[in-house]
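Every letter in the sequence shown is one number past the one before it in my numbering, and letter 71, counting from 1, is 71. First up is the structure itself, then whatever we jot down about it.
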Amino acid sequence: MSLTTVREALQQPLRAAHPNFRVYPNFRPNMVVPAIVITPSTGFGEKSADYTGRSFKSPTWYLDLIVLVPSQDMDRAQRQLDSLVSPDVDTSIPAILDSRSVRADYADVISYARFTDLRDYGGTYESAGYDHIGACLKLEVEEDCA
Numbered sequence: 001m002s003l004t005t006v007r008e009a010l011q012q013p014l015r016a017a018h019p020n021f022r023v024y025p026n027f028r029p030n031m032v033v034p035a036i037v038i039t040p041s042t043g044f045g046e047k048s049a050d051y052t053g054r055s056f057k058s059p060t061w062y063l064d065l066i067v068l069v070p071s072q073d074m075d076r077a078q079r080q081l082d083s084l085v086s087p088d089v090d091t092s093i094p095a096i097l098d099s100r101s102v103r104a105d106y107a108d109v110i111s112y113a114r115f116t117d118l119r120d121y122g123g124t125y126e127s128a129g130y131d132h133i134g135a136c137l138k139l140e141v142e143e144d145c146a
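Below you can see the structure in the form of structure tokens.
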């Protein structure tokens with residue numbers, strides 16, 4: 001397996017639940033929002049992977065799921081961002097990736113996944129000359145070593 005395979009496994013249910021969202025593997029200068037960027041954690045002192053787990057061939061990945069929404073109408077943007085990061089909202093990112101049916105769909109790729117943190121909530125981003133607000137969901141994912 002590879003990091004690409006893990007990202008693709010996470011992208012599928014997110015795209016299905018939010019067809020108007022773009023899901024990107026990294027930041028791009030001209031991203032269309034609303035968007036979700038799935039990237040290895042890159043904060044200072046944060047690790048992106050741990051190879052000391054059950055098997056060297058099935059690392060634990062530490063991923064950032066960065067959620068971006070347009071900020072032209074800040075009240076609407078705040079409500080949209082809230083609904084995307086709140087685990088008790090059925091269409092939120094944590095709820096989608098934690099649903100039993102979705103976990104079964106990617107069980108051959110991911111043996112374990114859990115959200116650990118929400119960071120940089122309400123942070124500002126810019127792409128294609130437009131400002132956005134966002135938040136970073138921290139996700140720990142262990143590849144299936146089978």
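All C-beta atoms, glycine included, are put in the ideal place defined by N, C-alpha and C. Model, not experiment: these values are computed from the prediction.
Hey, H132 and V33: beta-carbon distance below 8 Å or not? Yes, the pair counts as a contact, with Cβ atoms nearer than the cut-off.
In three-state DSSP terms, what is E8? Three-state result, E8: helix.
Simplified DSSP state of R15, which is helix, strand or coil: Residue state, collapsed to three classes: helix.
In chain order, which continuous runs of the beta strand (DSSP E) of length 3 or greater are located wholly inside the region 68 to 127? Qualifying beta strand (DSSP E) stretches, in chain order: 110 to 127.
Exposed or buried, which one is S2 when buried takes at least 16 other CB atoms within 10 Å? S2 sits exposed, since fewer than 16 C-beta atoms from the chains shown fall within 10 Å of its C-beta.
Run through the DSSP bridge pairs and tell me what V23 is partnered with. Answer is I36.
Assuming E143 and P25 make a contact with CB atoms under 8 Å, what is their CB distance in whole Å? At roughly 16 Å, the Cβ-Cβ gap does not stay under 8 Å, so E143 and P25 are not in contact.
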